[in-house]
Every structure is written in C-alpha cells, then in structure tokens.
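Q: Residues 1 to 231, numbered by UniProt numbering, are exactly what the sequence shown covers, in order.
For each residue, glycine too, the CB sits at the ideal point set by N, CA and C.
Quick caveat, the model's predicted, so the values are computed rather than measured.
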Amino acid sequence: MTSRPNLTTEFLPIPLPDYQERSVDDMRRGAQSFYDEIRTRHTVREFSDRPVPRDIIETCIRAAGTAPNGANHQPWHFSAIGDPAMKKKIRAAAEEEERAFYAGRASDEWIEALRPLGTDDSKPFLETAPWLICIFGERKSASADGKFRKNYYVPESVSIATGFLIAGLHRAGLATLTHTPSPMNFLTEICGRPDHNKPYILLVTGYPAPDATIPKHATEKKDLSEIATFF
Ligand code: IYR
Numbered sequence: 001m002t003s004r005p006n007l008t009t010e011f012l013p014i015p016l017p018d019y020q021e022r023s024v025d026d027m028r029r030g031a032q033s034f035y036d037e038i039r040t041r042h043t044v045r046e047f048s049d050r051p052v053p054r055d056i057i058e059t060c061i062r063a064a065g066t067a068p069n070g071a072n073h074q075p076w077h078f079s080a081i082g083d084p085a086m087k088k089k090i091r092a093a094a095e096e097e098e099r100a101f102y103a104g105r106a107s108d109e110w111i112e113a114l115r116p117l118g119t120d121d122s123k124p125f126l127e128t129a130p131w132l133i134c135i136f137g138e139r140k141s142a143s144a145d146g147k148f149r150k151n152y153y154v155p156e157s158v159s160i161a162t163g164f165l166i167a168g169l170h171r172a173g174l175a176t177l178t179h180t181p182s183p184m185n186f187l188t189e190i191c192g193r194p195d196h197n198k199p200y201i202l203l204v205t206g207y208p209a210p211d212a213t214i215p216k217h218a219t220e221k222k223d224l225s226e227i228a229t230f231f
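1. When you compare only the Cα positions, how much space is there between H77 and G137?
2. What does the alpha-carbon distance come out to for the pair C191 and V24?
3. With 16 as the cutoff for other CB atoms within 10 Å, does P75 come out buried or exposed?
4. Can you check the region 44-94 for any alpha helix (DSSP H) of at least 4 residues that lies completely inside it and give the ranges in chain order?
5. Tell me S141's beta-bridge partners as DSSP assigns them.
6. If you run the structure through DSSP and keep just helix, strand and coil, what is A218?
7. Out of L174, L224, I227 and G104, which has the shortest C-alpha to C-alpha gap to C60?
8. How is the alpha helix (DSSP H) around T128 delimited, first residue to last?
9. DSSP three-state call for T175: helix, strand or coil?
10. Please name the residue in R91, K140, S182 and R45 whose C-alpha comes closest to that of D195.
11. In the DSSP assignment, find the alpha helix (DSSP H) that holds G30 and state where it starts and stops.
12. What are the partner residues of L12, as DSSP defines its beta bridges?
13. How about T219: is its Cβ closer than 6 Å to a heavy atom in the ligand IYR?
14. Measuring only the C-alpha atoms, how far is A172 from I56?
15. Assuming S48 and P208 form a contact by the criterion Cβ under 8 Å, report the distance between their Cβ atoms to the nearest whole angstrom.
16. Which residue comes first and which comes last in the beta strand (DSSP E) that contains L114?
17. Measuring alpha carbon to alpha carbon, tell me which residue in A31, R39 and R149 is nearest D223.
18. Do E127 and R91 have their beta-carbon atoms positioned less than 7 Å apart in this structure?
19. Compute the distance between the beta-carbons of P181 and T188, then report whether it is under 7 Å.
20. Using only the alpha-carbon positions, how far apart do P215 and A129 sit?
21. Please identify the residue among P124, I81 and G82 whose C-alpha is closest to the C-alpha of E98.
22. Given the structure, does T229 come close to the ligand IYR, in the sense that its CB is under 6 Å from one of the ligand's heavy atoms?
23. Cβ of T119 versus every heavy atom of the ligand IYR: is any distance shorter than 6 Å?
24. Could you check if N72 is buried or exposed, using at least 16 other CB atoms within 10 Å of its CB as the buried criterion?
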C-alpha cells in the first residue's frame, strides 16, 4: 500500500462495508429489474386521502439520507407534514403564488410548455394527500461541536437525495408529485426552518386517487440514443 502521510488515526479509512459482487448475469438482471420497476413511476396530481403510516415515510427519508453529497455534510432537511392545518396553510400560500404565476408571472413560452400537462393554479392535492415532504437545502449546518460549517454542492446533494426519496416511495407503492410552487420561500417559515434553509421541492405523496389520470405526454420518454452517448 502507498503511504498516505496526511491520514491521522481519526481519519483512517475502513474496509468497504456491504459490497457484494454479482455475476455479470445477475448484474444484468439487477439493472433490468430496477429499470422495469422505476419505469412504472408516473407523476400523479390526484391523490386519495387514505392515510399512509408514518413509519413508511420515515424509512423512505432514511433512504434519502444515504445519498452521496458534498463532504458528507448531508446538507438537507425533510419536513414531513401530515398535519391538516399545516397542509391547509401550505395550499393557501402555494395557490396564491400559482395564481400570480398563471395570471402573468410566467412567460408565454412557459405557459405553452405546460399546456400538455393541463396544470392550473388549483392545488387541492396539497390538502388531500396524506403527506407533504418539504425538502430543504441547508447552506450551512451545525456540526458535532455545535459550530456552523459551510456546506458544498447543496443543490446537487439535495437533488440526488430527492431522487432516492422518490425511488423509495415508489418502491413502497406510493405515488408522488414533485411540486415546485415558485417562489416557495413561504415553506421555510411554515415549517419553522431557519433562514439558511432553502426549500427546493415540495414532494407530495400518498395513494393515487382511484380515478387518477396522467397526461399522455408524460409517458413519452426519450430513447437511449437521444439521452446517452457512448465513447
Ligand atoms: N409550479 C406550477 C407550474 C409548473 C411548472 C413546471 I416546469 C411543471 O413541470 C409543472 C408545473 C404548477 O405546479 O402548476
């Protein structure tokens, strides 16, 4: 082994835990089965009010918390909202922003891009769905000694964690909507987060409504040849 003069005992690496090599066939099966499962995820805008046990949401958030991130500072916070009064407040604030958005804040080009989705300023799912998970990025976080330290790659880290969260919720059999009322700073105050927490996404989750529909447009996925280049 080459010597690593900068390493003190405190920072001594440990052997890679948990890694399990698979045969190439098994890798192929693993990749395929993940693709087969994740391709059945569809963003839903109509939710049932059926309750979902909190422990399922907790486990999915734990999974999100394992995401790769800047300097392992884990610069995120998940506010999971099941309280009807808080959901009502969030809906009112979000719809106020959406009314301004659809009535003129958005460019004509943007409104045109949204046409196939059929969205408007009404967001009843913010009250119907059993859980709203507000995902915050922390520009700085308190470390073990209580001192604040700057965080790095916050948007990237939060986005990757959100991907893990969405995949976990889907695996648990729940539908999701990545909702981004814009601007959504009102969430920092409603969730009682400090100013250095920036809301990135309001993830709505629960059972889909029995008659839930999706835009046909949303099922049109680019082919591998359009999204990837191999060298
Ligand atoms: N936040 C608005 C508009 C909206 C914007 C995009 I980009 C979408 O993919 C979907 C909606 C709304 O929720 O209606």
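A: On the basis of the coordinates in this document:
1. Rounded to whole angstroms, H77 to G137 spans 7 Å at the Cα level.
2. Straight-line Cα distance between these residues: approximately 46 Å.
3. Buried: at least 16 other Cβ atoms inside 10 Å.
4. If we require 4 residues or more, the alpha helix (DSSP H) runs fully inside the region 44-94 come out as 54-64.
5. Residue pairing for S141: DSSP places it in a beta bridge opposite R149.
6. Three-state DSSP puts A218 in a helix.
7. Among L174, L224, I227 and G104, the Cα nearest to that of C60 is on L174.
8. Per DSSP, the unbroken alpha helix (DSSP H) holding T128 starts and ends at F125 to T128.
9. One point to set straight first is that residue 175 is Ala, not Thr, in the sequence displayed. In the three-state reduction of the DSSP assignment, A175 falls in the strand class.
10. Checking every option, the nearest Cα to that of D195 belongs to K140.
11. G30 -> alpha helix (DSSP H) spans V24 to I38.
12. In the DSSP secondary-structure assignment, L12 is not bridged to any residue.
13. No, the Cβ of T219 stays beyond 6 Å of every heavy atom of the ligand IYR.
14. C-alpha separation (whole angstroms): 8 Å.
15. That belief holds up - the Cβ atoms of S48 and P208 are roughly 7 Å apart, short of 8 Å.
16. Element bounds for L114: not the beta strand (DSSP E) but the alpha helix (DSSP H), D108 to L114.
17. Of the listed residues, the one whose Cα sits closest to D223 is R39.
18. The beta carbons of R91 and E127 sit closer together than 7 Å.
19. It is not a contact, given that the beta carbons lie outside the stated cut-off.
20. C-alpha separation (whole angstroms): 19 Å.
21. Relative to the Cα of E98, the nearest Cα in the group P124, I81 and G82 belongs to P124.
22. In this structure, T229 has its beta carbon at no less than 6 Å from each heavy atom of the ligand IYR.
23. Correct: T119 has its Cβ closer than 6 Å to the ligand IYR.
24. By the neighbour-count criterion, in which a residue is buried when 16 or more other Cβ atoms sit within 10 angstroms of its Cβ, N72 is exposed.
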